[in-house]
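Report on the structure given below.
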Amino acid sequence: MSVITMPTPDPAILARRDEIIETLGAVCESGTLIEDFEGRRAFECDGLTAYRAVPLAVVLPATAHELAAIMRICHAFNVPVVPRGAGTSLSGGALPTEDSVVIGVSRLNRVLEIDKDNLTVRVGAGVTNLAVTRAVEHLGLFYAPDPSSQLACAIGGNIAMNAGGAHCLKYGVTTNNLLGVTLVLANGEMVEIGGEFLDPAQYDLLGLICGSEGQLGIVTEAVLKLIPAPEGALPMLIGFDSARDAGACVASIIRSGLIPVALEYMDALAIKVCDEFSGAGYPLDVAAMLIVEVEGDRNEIAALLAKIDKIADGHNKRMSRIAASPEEAAAIWVGRKSAFGAMGQISDYICMDGAIPTQELPHILETIEELGKKYGLGVANIFHAGDGNLHPLVLYDANDPGDQEKAEQMGAEILLACVKVGGCLTGEHGVGVEKRELMTAQFNDRDLGQQVAVKSALDPKWLLNPAKVFPLAHNGRRNWGEGT
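Going by our numbering, the first residue of the sequence shown is number 127, and it counts up by one from there.
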């Protein structure tokens with residue numbers, strides 16, 4: 127049995143399903159409304175596939191105004207709404223309930239305006255992360271946040287979870303590259319927050335929205351910051367005989383004042399599986415490996431990599447290798463960005479997302495190893511080491527009764543260990559349902575009360591993205607009963 131519980135659906139909403147569907151159909155364009163069971167079933171889960179629920183209905187609006195009309199209907203019927211980007215969330219952020227309407231933004235997929243002089247781009251929330259860079263690269267520009275799922279994940283989902291990626295060490299995560307949004311509130315009202323400028327003279331409502339996990343509204347458009355492409359970039363692989371040495375090297379690189387564009391960690395299992403999957407050419411005789419990428423002109427790159435290599439010498443490095451060609455550099459990153467898919471070929475897993483101070487890396491890596499032995503489960507460590515954003519993959523067998531529960535319990539202990547050393551529950555995947563009941567480990571009742579007050583101010587009926595983020599005991603929908 128899972129350790130994560132979900133509330134039982136509201137029978138009053140289920141009883142009015144036909145009426146709700148009919149009313150939605152009156153405002154939805156052709157093909158927007160999905161009401162048949164098999165069609166709805168395609169939206170029963172996101173990247174956290176261990177949890178599933180077939181929603182009441184699914185709508186895929188073609189315009190922001192159609193989305194706002196749908197929201198007004200749901201608000202009038204007191205129907206919960208689950209916003210959905212591309213469904214790549216690994217924390218259950220887009221998991222529906224049986225009494226909810228899923229509103230997907232996948233058809234809001236146009237690049238609306240590129241301002242090369244002011245280095246901004248306005249896009250629909252359904253545009254994929256990688257598509258933003260592809261739309262502007264001919265101008266010598268790029269969009270910095272690059273989650274591993276960037277080929278598929280939508281900008282709206284990136285904003286909801288404040289997504290990061292390998293580039294986050296140098297360029298920051300979504301919130302550092304977001305200038306404005308068009309937001310539809312729970313009652314269907316449409317508002318503009320921020321815009322094509324920096325530092326608006328008002329409350330930082332944009333900071334409130336980014337990372338709010340669909341709790342406060344649905345983003346339909348976003349204004350993003352663009353960055354001039356660097357003159358050059360080059361990755362280097364550094365191998366170690368122990369996780370402790372690799373972790374200590376990361377902390378030393380950060381302390382040195384050097385800022386690589388990316389600093390990624392992979393352990394022996396991850397190296398082997400990803401190399402077999404992608405042919406990246408990783409060293410297979412090391413216990414841990416760092417991928418370190420720097421940017422600049424040829425001389426600057428050489429100098430930076432030499433300094434980093436010297437730091438690694440002080441931590442018992444086994445090997446180091448600089449990519450010898452653009453093809454080799456690309457292969458290194460294909461291997462890293464294929465990691466989650468590659469691991470899925472060998473085992474079921476849950477992907478954790480704790481964040482810690484970088485100096486705690488050696489200790490936390492040892493803690494994860496000890497927890498693996500305690501629970502008798504394998505772990506593959508693949509993460510953004512530079513900013514301390516851990517992604518341990520806890521492996522389990524979905525066909526073995528009790529294995530999933532053990533994996534979730536182990537994952538919870540990893541996250542609690544992160545909080546204990548001064549870290550937090552999530553770096554970029556969000557709280558979703560996965561970490562919901564752990565929120566009390568990081569926030570006391572007063573902290574949670576303040577967050578609940580903000581939620582209640584913008585969504586008084588608590589209809590947006592139900593059963594996420596807040597522990598069920600703090601949830602504002604008091605008519606819910608708890609179920610499994």
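Where is the CB? At the ideal position from N, CA and C, for every residue including glycine.
- Bridge pairing for G306: G320, V349 [DSSP].
- Distance between W459 and A406, taken at the CA atoms: about 8 Å.
- Within the same chain, I130, A593, K594, V595, F596, P597, L598 come within 8 Å of R562 by CB-CB distance, once the 5 residues on both sides are set aside.
- For D439, the three-state secondary structure derived from DSSP is helix.
- In the three-state reduction of the DSSP assignment, T175 falls in the coil class, being assigned neither a helical nor a strand state.
- Nearest to P361 by C-alpha distance, out of M415, D523, N313, V399, is M415.
- In this chain, the alpha helix (DSSP H) harbouring T566 covers 565-568.
- Taking 3 residues as the shortest admissible run, the stretch 341-412 contains the following complete beta strand (DSSP E) segments, listed from N- to C-terminal end: 344-351, 359-366, 388-393.
- Counting of Cβ neighbours within 10 angstroms places H264 among the exposed residues, the total staying below 16.
- The residue among A261, I379, E486, L245 with its C-alpha nearest the C-alpha of V547 is E486.
- In the structure shown, S582 adopts helical secondary structure according to DSSP, grouped into three states.
- Rounded to whole angstroms, the gap between the alpha carbons of N570 and I448 is 47 Å.
- Of the residues assessed, N255 falls on the buried side of the cut-off, its CB having 16 or more other CB atoms within 10 angstroms.
- Straight-line spacing of the CA atoms in V349 and H517 works out to 29 Å.
- In the DSSP assignment, P452 falls within the alpha helix (DSSP H) that extends over 452-463.
- For A481, the CB contacts under 6 Å within the same chain, skipping 5 residues up- and downstream, are G514, N515, G549, C550, G553 in chain order.
- Measuring C-alpha to C-alpha distances from Q276 to each of C544, R462, A202, C171 identifies R462 as the nearest.
- Scanning F323, V227, A190 for the CA closest to the CA of G165 turns up V227.
- For T246, the enclosing beta strand (DSSP E) starts and ends at 246-250.
- Sixteen is the threshold: since fewer than 16 other Cβ atoms of the shown chains lie within 10 Å of the Cβ of N244, the residue is exposed.
- Scanning its chain for C-beta atoms nearer than 6 Å, with the 5 sequence neighbours on each side dropped, one finds around A270 the residues H293, Y297, N303, I353, in chain order.
- The residues L521, in chain order, have a CB closer than 6 Å to that of S473 in the same chain once the five nearest residues on each side in sequence are set aside.
- Under the Cβ criterion (8 Å, minimum of three pairs), the stretch 371-389 counts as touching the stretch 415-424.
- Of the other Cβ atoms in all chains shown, fewer than 16 fall within 10 Å of the Cβ of F163; this residue is therefore exposed.
- The three-state secondary structure of C336, taken from DSSP, is coil.
- Here DSSP, grouped into helix, strand and coil, assigns P209 to strand.
- Annotated as proximal: A506 and A396, with beta-carbon spacing under 7 Å.
- Using a Cβ distance threshold of 7 Å, V376 and T259 do not count as a contacting pair.
- If you look at F596, you'll find it isn't in any beta strand (DSSP E); DSSP assigns it neither H nor E.
- In the DSSP assignment, the residues bridged to V185 are L159, I229.
- Restricting attention to T175, D423, A168, A190, the CA atom closest to the CA of V153 is found in A190.
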